[in-house]
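Data block below; observations after.
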Amino acid sequence: MSPLQLCLLLSSLLFCVGLVGALARSNTILVLLGVELMLNAANINFIAFWRYGPNPAAGTGVLFVLFAIAVAAAEAAVGLALVIAVYRHQKNIRLQEANRLKG
Amino acid sequence: MSVTAEAGTFLERAPLVLRDAVVQWFPAPLQWLAHHLITIVAILAVFGVFFAFTTVAERKLLGRLQNRLGPNRAGLPWIKGSKLFGLTQPFADAVKALTKEDIVPAAADKLLHFLAPVLVVAFSLMTFAVLPFGRNLIPVELDAALLYFFAAGSATELAIFMAGWASRNKYSLLAAMRALAQVISYELPLMLSVVPVVLVVGSLSTSEIALAQGGWTFGFLPHWHVFTPWGFFGFLLFLVAALAESNRAPFDLPEAESELIAGHLTEYSGFKYALFFMAEYFGLTALSGLGVTLFLGGWQAPFAFLEFIPSYAWFMLKLIGMIGFFIWARGTLLRLRIDQLTRLAWQFMVPLALINLGNAAFWALTSGWSGPLQFVRWGVSIALVVGPFILLGRGLNGGRGPRTYRYATS
Amino acid sequence: MLGSGILKGLAVTAKNFVGSYHDPARMVTVQYPEERSKLPENYRSFPLLVCEDAADPMGTLRCVACQICEKECPPQCIYIEKSKDKKPDATGKPQLYPTVFAIDTSVCMGCGICAEVCPFDSIKMDQVFEVAATDRFTELLLNREQLAKPNSYYHSIHPTEAAEVDARLAAARLAAEEKAKAAAAAAAAKAAAAATAKPAAPAQPPSAPPTASASSTAPAPGAEAPKSYSRVS
Amino acid sequence: MNLALILISVLILGSAAVALALRNLIHSALLFVGCWAGIAAFYLWAGAEFVAFAQVLIYVGAVSMVVLFAVLLTRQSDAAEPMNPDSFSRFMRALVAGGGVAGILVGAILGTPMDVSTAGPAPTLTVKEIGGQLMGPHAAALLIVGLLLTVALLGAVVIAAVDRPEKSEDAS
Amino acid sequence: MNLSVQHLWVIPALPLLAAVIGALTPRRGRTLAAGAAIAAMVGAFVVSCLALHTALVDPAAKLVHNFAWFDLGSGVLRLGWLLDPLTAFMCVMVTFVGSLIFIFSLGYMKADANFKQFFCFLSLFAAAMLGLLVANSLLLLFICWELVGLASYLLIGFWFHKPSAAAAAKKAFITTRIGDLGLLLGLLWLYNSTGSLLFFDGGAGVLETAALGSLAGQITVGGLAVSTAIGLLIFCGAIGKSGQFPLHVWLPDAMEGPTPVSALIHAATMVAAGVFLIARVYPLMSADQALTEVPLHALTVVAFIGAITALMGACIAVAQNDIKRVLAFSTVSQLGYMMLALGVGSWVAAIFHLLTHAFFKALLFLGAGSVIHAAHHEQDIRRLGGLRGPMRVTFATFAIGMMALSGVPFLFSGVWSKEGILHAAHGWNISHLPLIAALIAVVLTAFYMTRLVAETFFGKARSHEADHAHENSAVMTVPLVILAVCAIALGFLGTPAFPWLQARLLGETEVHGHSLLEGGGLMMLSIVLVAVGLGGGWAIYGRKPRVAENSRDPLVTAAPGLMAALSARLGFDELYAATFGRLGNGLAALAHFLDQWVWGGAVGMLARFGEFIGIVNREADENGLNGGFDIVSERIRGSGRVYSRAQTGDAHGYLRWVAMGFVIIMLVVVLGGAR
């Protein structure tokens, strides 16, 4: 099996682990972290294709990952702030209870 | 991988020659491993001993700074009455720490409680990997060395949190949060004070930064960054931020032993506590080494005629000098309050570091100026340092003058 | 300007650093086991029992087992058993004496109340601070033999106070002798015997003031002890 | 070469899976940190040094701290609720959905012939080159990301800040 | 010593530094902020003089220094500095007048609590204005242009606690923004057509032959050349900034700001920026001159707008009673002159008038400020009067300014610059209407200035404040004197006999003077007209001074309707409120009407029709179809219930659906692709 395939397998499995986690857990923080994992899986893909792609000298994959990391950091900050706001409102952070637009 | 030393005196080349000689004994496929292992062992040995003597030096120096004698008793155990100026004190301390009972609270998270001190030592040792200890004497040559340094340094925060949380003691946890708040808020000025150097040198690699400071004007004015306006000021900011980052007095309020019983380390005793202690000194040494590399010319000799002294000796001398300064500051300054601490970081150091970044940019842009324009360059750069310093320094005390103290009189 | 204070402080400690190597007068500590700094006279650690004669400590204890100290002691570390018979005390009057007098110094907090309330100037505060021991019951629970210290020792640690006490006791002894003479002179006059005690009280103060005024809390002369004690409390 | 990759993969996937299964939030957060460190190791393995250190600095240093603070600030009444039938059925459905996606992706990857198996040595991209690219062709994106981070920071502060009680006049 | 063009940025950087210092100093740091501002201004003046010296070595050369600002994808945005006599003269003027006004402000704003902020804003303004002057890129110019607008907004609204000041600031900001929109559009169009915004770039700049040729060669909507369209859009910006008709309404209101601000921004420098802009892009504006088949030349529009503004401003100024408003409308009128000069092809005359006007108008405003300060902020000329005695220096300097503005011949600078414009208008071969308008404005200018001086300084004090006025301190009078000297002396830089300034601006090193008699007829005419204006003013206001503050103006008695209209500023504000304001209201009302009656009626009709059908249907339904429809509707409701189950508010559910959707799409793609 070529290393590229291994990398892609790793990334897709990590994506699915993140997905299952986001789907199965009721804790909003863990759901967010699952989503973070999915983002990381995408980053792994970028790096893998940069490494084994036709034009590694361009560095587009690396730059894309850098931007994705920045965006993920922003997402984590805002997401967790939202979690705290939800907690203050409903005294727990179970995602399935956060289903009202009003209140 | 192996850098062969072709230049310099024998002393200069000695460590590399020695290493290569030892590596030759190993079979070829294992040579890379041996190469690294030797480096690791050398660092552990040198800085382990360095740590041991830093502790005793700190205690003796603190004593002298406060008109005391400091430890001077510990001698050799098998010679009755030997004192050796107390130089064997650290070994006695080590024996004590090792033989003390290791208390783990019943409710603690055993695994994390154990892992925290191990991790904190590991991470603080990792930062040594990118310090250039001498000419061609750097454990790992990395292109993004500074980034690596800060990445490894920021991982210690995790260990602090683990220590506080795993103790299952709400005071430890709160103290860990305080420590984190301090370390995180001072990471920003620390990095911002480093960025100007990166900007001027144009590289994140520590060895290149050290190399860039080589050379002398007229043979006796070294081209160290600390001798430029922005570099001097950046060095000051770096010193303060490094003090805060390594939890040293006057910023030692996360573990203020008199008020908080060592904060997040309350539930640690014996050897684990000693590990934290060690990690703290390693962190201090690493940050000092970084400061030496970035601002004090790394392993470069101060004068051209002193170049015969090997580069690693210069590095160690500067390192000792810097740690000496830290000890001096500890022996002099009072502990800050938490509000003063955060105000200093956000209202003073961060804006100043940003202005200094602009200053360094100006310096880099005007590197072509010569003749009388040199004076303009220096003048503007100094004004950019002094003006904001005075203005923001005034703002720091909220427009009030010096505080007057009234003492209880009887 | 910001930072000038820091520089000043650094200069001070730097001066300390340099000075500590050539100016012994700067040093604030001494090399303890070899050198010792002189303790202040009013330093106190744990109680001791004063006896008059070092050769016969048990026979010349000033203590009359009145048990006031035992009652006053806040942590209650004093234990006293009275004797059945009487012996003459420092003033020559026959008094009870303690058969058991024990102080648990591991409980004692060194407050010095016992010494203050003692009407007979018997219990005083010692200056010994090296009391580390390996066994609590033999070395920290002190009995009367271990507690008894001769008056000369008391003089060596608290010279001023001891001089006052001695003067006071001498005066009391003198008064007692005069009283004895007066009693002998008025042996026939039985009716006058009750009246002698009262003039004696105003007679005492003139001899006491030069010393007693120095310390306002010092107990009144021994002969009048029970009364002065009730006044103090 | 591949052995190292497999070890890293096991570390990443194992810690991620365990982290998502644990009931103790702190433990799972710390395991996530391990997972992120593993991903950084993967970047190192692939030769993307700068990205690896950035990953450590941002995820291990910063995001983990935010997560831990959030966990501590939202402490549940006690422990986690017991496993109830509802969460079990949700878990099963999640497994089905995740399994479906995994099956599709793995099938697609394995079914695609990839002829790059003989890749040369890891390409080197120096920090200077990355910096040049960032300040050159991607300058606009860099500016926008800077703006985004600023806005996100302010937004996070505003969202998480405690609303000041509006009845200050009544109180005084 | 010469100033290299690379270092031209120093000129705007000095005031910018002062602004930063001012912003950082605490409120108490009055001395520091003011000192930094004045020092920076004087420093900038010195550097500007060096720049002027450099520029005059070879007046024809356009010294430029361009640099890349940042990469934008594949393109590179470049900015740059430009040094030519136009820039250099403007810089010297701005820094010199600016320094004097800064010094004057020391005295004028002494008692203000926000003293430090004032100097910070002034410095910011000066930095932006100088940046505008040295820019070699329309983009940089536009950035500074907007910064200038911002500083103007801040300074007009400096006394923001006065509602009128706040409103005036808002009005100025919004009105100029309308013009700026045109400028921005022109800028974008220009970038789109030429791919550059640099003025001069070694042959590739937009003001150089290659670009101009291509711009003039293309025809766009309405048969206009592209250069004409872009020029007109850019002129929109100038209309807004320079207070030209029809966007002049903000300028008189801007007098709510402190008087030094009015002097600096709304008389000498910022409002002249529009004129400067047109002069700067003059090659672009005049690129269509050679074309004959186009319906309109850009400069023709400029000339007519300028003529209208000049006449209108002069008319309105006659009927104003506020000392600063009179000067404001006079500024509008003079700016109209400059635009007129630009339009008729003599940009040199426009710039000459700009420079002289800057000095004497600054002088007049500062004089007015001196009066206002002395009279405890009384600005109504009906309540002033008799100040000639107590305020000798102010009176003397104000009179010099007034004569310069009126164009009293030979000694004062105004006459030379105005004469140049009149000659240029005379020589314009398209129409003589602008010349006639300009000549009428000459009479009116002399008239209203005489009125202003007579009302303010002659007669006797008509209010308590005016009675107690006394001369101000030296910090305020010395700038007046210096400016007065300049208002006289400056004219001799460009007399027709020795047009040194004009020659340098045109890039010539030799001065070709011609006799004063050449075109002497027009000159005699204008001298006569000035004399008529002065005499008329003195006859009406000077001989019989007003006795009480509420006594009627003789002109109002003579022509009450006209004067009322003029004093209401010809109702432009009301007009805009009535047109643009109403337009919105009207559209809303129309929409409401359509809704209510047309669509509502139609819908009502349909409803009625439906009702009728319904009645018919009900009969049919109830009698037969009922059962079938019941079943159908039940089904629909049931399916709705099923679908609404998807809207659970359960994030997990949504995510699960996304995952399943992905799986399905992939399956379709993969299987479909395999087939």
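Residue numbers (the working numbering), protein chains in the order written: chain A, 1 to 103; chain B, 1001 to 1410; chain C, 2001 to 2233; chain D, 3001 to 3172; chain E, 4001 to 4675.
Just so you know, even glycine gets a beta-carbon here, dropped at the ideal spot from N, CA and C.
Considering P1372 (chain B), what are the terminal residues of the beta strand (DSSP E) in which it resides? For the purposes of this step, residue 1372 (chain B) is taken as the residue at position 372 of the second sequence. Looking at the DSSP string, P1372 (chain B) is not in any beta strand (DSSP E), and its letter there is neither H nor E.
For L1396 (chain B), return the contacting residues in chain E, with the cut-off set at a CB-CB distance below 7 Å. Taking the first residue of the second sequence as position 1, residue 1396 (chain B) is located at position 396. The premise fails here: L1396 (chain B) is roughly 12 Å from chain E at the closest Cβ pair, so nothing lies under 7 Å.
Short-range partners of chain D found in the segment 1179 to 1201 of chain B, where Cβ spacing is below 7 Å: L1180 and I1184
Helix, strand or coil for D4322 (chain E) per DSSP? Taking the fifth sequence and counting its residues from 1, the one referred to as residue 4322 (chain E) is at position 322. Strand.
The segment 3064 to 3075 of chain D: which residues have C-beta closer than 7 Å to a C-beta of chain A, in chain order? V3066, V3067, A3070, V3071, L3073 and T3074
Checking contacts by CB at 8 Å: is N2016 (chain C) closer than that to chain B? Taking the third sequence and counting its residues from 1, the one referred to as residue 2016 (chain C) is at position 16. Closer than 8 Å: yes.
So, is the C-beta of F1362 (chain B) closer than 8 Å to a C-beta in chain D? Position 362 of the second sequence, counted from the first residue, corresponds to residue 1362 (chain B). So, not an interface residue.
Determine the chain A residues that contact S3089 (chain D) at a beta-carbon separation under 7 Å, and present them in chain order. Translated into positions along the fourth sequence, residue 3089 (chain D) becomes position 89. Per Cβ cutoff of 7 Å: no residues; S3089 (chain D) is ~10 Å from chain A at best.
Please report the residue range of the alpha helix (DSSP H) in which K1110 (chain B) lies. As a first step, residue 1110 (chain B) must be located in the second sequence, where it is residue number 110. Per DSSP, K1110 (chain B) belongs to the alpha helix (DSSP H) from K1110 to M1126.
For a cutoff of 8 Å on Cβ pairs, would you count L19 (chain A) as touching chain E? Residue mapping note: residue 19 (chain A) aligns to position 19 of the first sequence, counting from 1. Yes, contact with chain E.
Cα-Cα separation, F1123 (chain B) to I3058 (chain D): Residue mapping note: residue 1123 (chain B) aligns to position 123 of the second sequence, counting from 1. Residue mapping note: residue 3058 (chain D) aligns to position 58 of the fourth sequence, counting from 1. For F1123 (chain B) and I3058 (chain D), the distance between alpha carbons rounds to 16 Å.
Using a Cβ cut-off of 8 Å (strictly closer), state whether L1391 (chain B) contacts chain E. Mapped onto the second sequence, residue 1391 (chain B) falls at position 391. Cβ-Cβ to chain E under 8 Å: yes for L1391 (chain B).
Please determine, among C:C2118, C:A2189, C:A2054 and C:E2081, the residue with the shortest C-alpha to C-alpha distance to E2072 (chain C). As a working note, residue 2072 (chain C) is residue 72 in the third sequence. For the residues C:C2118, C:A2189, C:A2054 and C:E2081, the minimum Cα distance to E2072 (chain C) belongs to C:C2118.
Within 10 angstroms of its Cβ, does Y4282 (chain E) collect 16 or more other Cβ (buried), or is it exposed? Within the fifth sequence, numbered from 1, the residue matching residue 4282 (chain E) stands at position 282. Result: buried.
Quick check: S1172 (chain B) and E1267 (chain B), are their CB atoms within less than 8 Å of each other? For the purposes of this step, residue 1172 (chain B) is taken as residue 172 along the second sequence, with counting starting at 1. For the purposes of this step, residue 1267 (chain B) is taken as residue 267 along the second sequence, with counting starting at 1. In this structure, E1267 (chain B) lies closer than 8 Å to S1172 (chain B) by Cβ.
CB contact below 8 Å: L1084 (chain B) versus chain C: Counting from one through the second sequence, the residue named residue 1084 (chain B) turns up at place 84. No, no contact with chain C.
From what residue to what residue does the beta strand (DSSP E) around V2104 (chain C) run? Start at 1 with the first residue of the third sequence, and residue 2104 (chain C) comes out as number 104. Note that residue 2104 (chain C) corresponds to Asp in the displayed sequence, not to Val. Start and end: P2098 to D2104.
Taking its Cβ as the centre, do 16 or more other Cβ atoms sit within 10 Å of F1277 (chain B), making it buried, or is it exposed? Within the second sequence, residue 1277 (chain B) is the residue found at index 277, counting from 1. So F1277 (chain B) ends up on the buried side.
Kindly provide the ranges of any alpha helix (DSSP H) runs that are 4 or more residues long and lie completely inside the segment 4249 to 4273 of chain E, ordered along the chain. 4250 to 4253 and 4259 to 4263
Same chain, Cβ closer than 6 Å to G4182 (chain E), neighbours up to 5 away in sequence not counted: By one-based count along the fifth sequence, residue 4182 (chain E) stands at place 182. Same-chain partners within the cutoff: L4233, C4236 and G4237.
Do A3048 (chain D) and V62 (chain A) count as a contact pair if the criterion is CB distance below 8 Å? Your numbering for residue 62 (chain A) matches position 62 in the first sequence. Your numbering for residue 3048 (chain D) matches position 48 in the fourth sequence. Cβ distance < 8 Å, so V62 (chain A) and A3048 (chain D) count as in contact.
Contact residues within the segment 3027 to 3040 of chain D, judged by C-beta distance below 9 Å to chain B: H3027, L3030, V3033, A3037 and A3040
State the Cα-Cα distance for the pair D2023 (chain C) and N2042 (chain C), rounded to the nearest angstrom. Counting from one through the third sequence, the residue named residue 2023 (chain C) turns up at place 23. Counting from one through the third sequence, the residue named residue 2042 (chain C) turns up at place 42. The straight-line gap from Cα to Cα measures roughly 30 Å.
DSSP on Y1268 (chain B), reduced to helix/strand/coil? The residue given as residue 1268 (chain B) occupies position 268 in the second sequence. Three-state result, Y1268 (chain B): coil.
I1079 (chain B) classed as buried or exposed, judged by whether at least 16 other C-beta atoms fall within 10 angstroms: For the purposes of this step, residue 1079 (chain B) is taken as the residue at position 79 of the second sequence. Label assigned to I1079 (chain B): exposed.
Please state whether DSSP places F4498 (chain E) in a helix, a strand or coil. Taking the fifth sequence and counting its residues from 1, one reaches residue 4498 (chain E) at position 498. DSSP places F4498 (chain E) in strand when its eight states are reduced to three.
Using 8 Å as the limit for Cβ to Cβ distance, is L4291 (chain E) near chain D? Start at 1 with the first residue of the fifth sequence, and residue 4291 (chain E) comes out as number 291. No, its Cβ sits nowhere closer than 8 Å to a Cβ of chain D.
When you compare the CB of F3053 (chain D) with every CB in chain A, is at least one pair closer than 8 Å? For this step, residue 3053 (chain D) is matched to residue 53 along the fourth sequence. No, no contact with chain A.
W4081 (chain E) bridges to which residues according to DSSP? As a working note, residue 4081 (chain E) is residue 81 in the fifth sequence. For W4081 (chain E), which the question treats as bridged, DSSP gives the partners E:H4065 and E:A4135.
Tell me, please, which residues DSSP counts as bridged to E2081 (chain C). Locating residue 2081 (chain C) in the third sequence gives position 81, counting from the first residue. Answer by DSSP bridge pairing, in chain order: C:V2100.
Opposite W4597 (chain E) in the DSSP bridges: which residues? The residue you call residue 4597 (chain E) lines up with position 597 of the fifth sequence. According to DSSP, W4597 (chain E) bridges with nothing at all.
Members of the segment 2022 to 2044 of chain C near chain B, C-beta cut-off 7 Å: R2026, M2027, V2028 and T2029
Presumed contact (8 Å Cβ cut-off) between T4394 (chain E) and G4367 (chain E), rounded CB distance: If you number the fifth sequence from 1, residue 4394 (chain E) lands on position 394. If you number the fifth sequence from 1, residue 4367 (chain E) lands on position 367. With a Cβ gap of about 6 Å, T4394 (chain E) and G4367 (chain E) count as contacting.
Helix, strand or coil: how does DSSP classify N1356 (chain B) here? As a working note, residue 1356 (chain B) is residue 356 in the second sequence. Note: N1356 (chain B) maps to helix in three-state DSSP.
Does C4091 (chain E) come out as helix, strand or coil in the three-state DSSP assignment? Here residue 4091 (chain E) corresponds to residue number 91 of the fifth sequence, with the count starting at 1. Here C4091 (chain E) sits in helix by DSSP.
When DSSP labels each residue in this structure, what does M4605 (chain E) get in the three-state scheme? Here residue 4605 (chain E) is taken as the residue at index 605 of the fifth sequence, counted from 1. Here M4605 (chain E) sits in helix by DSSP.
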